[in-house]
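For reference, the structure is listed below as C-alpha cells.
Numbering (the working numbering), first residue to last: -4 to 160.
As C-alpha cells, this is what we get:
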C-alpha cells in the first residue's frame, strides 16, 4: 500500500503523488481511497480511486536496475507492427493498460522506429494509435527521467543514441 507523499504511476495518467488516504462511503460501501495529484497536469486535478482498485494499474516507480533493463530495449530491433488498425489498437491498449513497462518499452521502440523511418507512410498510423503511443511515451520517459534524476529531454537523447547505434 502506498503512503501519503509517495509517488506512483497511475494507469494512463502517469506519475502521481498520493496526497491523502481516506475512507469514503459510496452506495453504502465504505472503502479506503487514494487521493492522487497528477504530477504533470496543467491544471488542478485530483483523482480519487479505491486503494484496492484492480481495474487500473498503480505501480511503484522504477528502480535503477529496472530502468537499465528498459533502456537496453532501445538498443535492439523494433518489434512487430500489426498492419490491421483494430488489432494494432487493441495490442497497444492492452500493453499500456497492463502497466508492464518492458512491454510498453518494446511498443514505444516500434513506434519510434516507425516514426523516424522516412520510408514508412506515416498516414497509415491511426490518430488513436498515435495518441495512445504518445501518452505511453510521455509516461515512460517521465518515469525514466525521475528514476535517473534527469530531464525527459535527456532520456530522449539517450534513447536516440541507443537507437542510432
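C-beta atoms are modelled at their ideal positions from N, C-alpha and C, and glycine is treated no differently.
In this text the structure is predicted, and so the values were computed from the model without any measurement.
Go ahead and pull the three-state DSSP assignment for residue i.
{"i": "residue 57", "result": "coil"}
{"i": "residue 103", "result": "helix"}
{"i": "residue 24", "result": "strand"}
{"i": "residue 129", "result": "helix"}
{"i": "residue 82", "result": "helix"}
{"i": "residue 3", "result": "strand"}
{"i": "residue 138", "result": "helix"}
{"i": "residue 124", "result": "helix"}
{"i": "residue 112", "result": "coil"}
{"i": "residue 48", "result": "coil"}
{"i": "residue 67", "result": "helix"}
Going by the CB atoms, is the gap between residue j and residue i shorter than 8 Å?
{"i": "residue 143", "j": "residue 60", "result": "no"}
{"i": "residue 39", "j": "residue 28", "result": "no"}
{"i": "residue 65", "j": "residue 34", "result": "no"}
{"i": "residue 107", "j": "residue 90", "result": "no"}
{"i": "residue 41", "j": "residue 31", "result": "yes"}
What does a CB cutoff of less than 8 Å around residue i pick up in its chain, not counting 5 residues either side in sequence?
{"i": "residue 80", "result": "121, 124"}
{"i": "residue 71", "result": "104"}
{"i": "residue 100", "result": "65, 68, 69, 135"}
Our contact map puts residue i next to residue j with C-beta atoms below 8 Å; I'd like the distance itself, whole angstroms only.
{"i": "residue -1", "j": "residue 16", "result": "6 Å"}
{"i": "residue 3", "j": "residue 56", "result": "7 Å"}
{"i": "residue 215", "j": "residue 149", "result": "Past the boundaries of the shown model lies residue 215; the chain is included only from -4 to 160, so the question cannot be answered."}
Whose C-beta lies closer than 6 Å to the C-beta of residue i among residues of the same chain, with five residues either side of it excluded?
{"i": "residue 134", "result": "9"}
{"i": "residue 6", "result": "51, 52"}
{"i": "residue 94", "result": "52, 54"}
{"i": "residue 154", "result": "69"}
{"i": "residue 14", "result": "30, 32"}
{"i": "residue 157", "result": "69, 70"}
Per DSSP, which residues does residue i bridge with? Please list them.
{"i": "residue 31", "result": "13, 42"}
{"i": "residue 18", "result": "27"}
For residue i, which residues from the same chain have a beta carbon less than 7 Å from its beta carbon, with the 5 sequence-adjacent residues on both sides left out?
{"i": "residue 137", "result": "9, 10, 35, 147"}
Would the beta-carbon of residue i be found less than 7 Å away from any heavy atom of the ligand ATP?
{"i": "residue 12", "result": "This structure does not include the ligand ATP; it has no bound ligands of any sort."}
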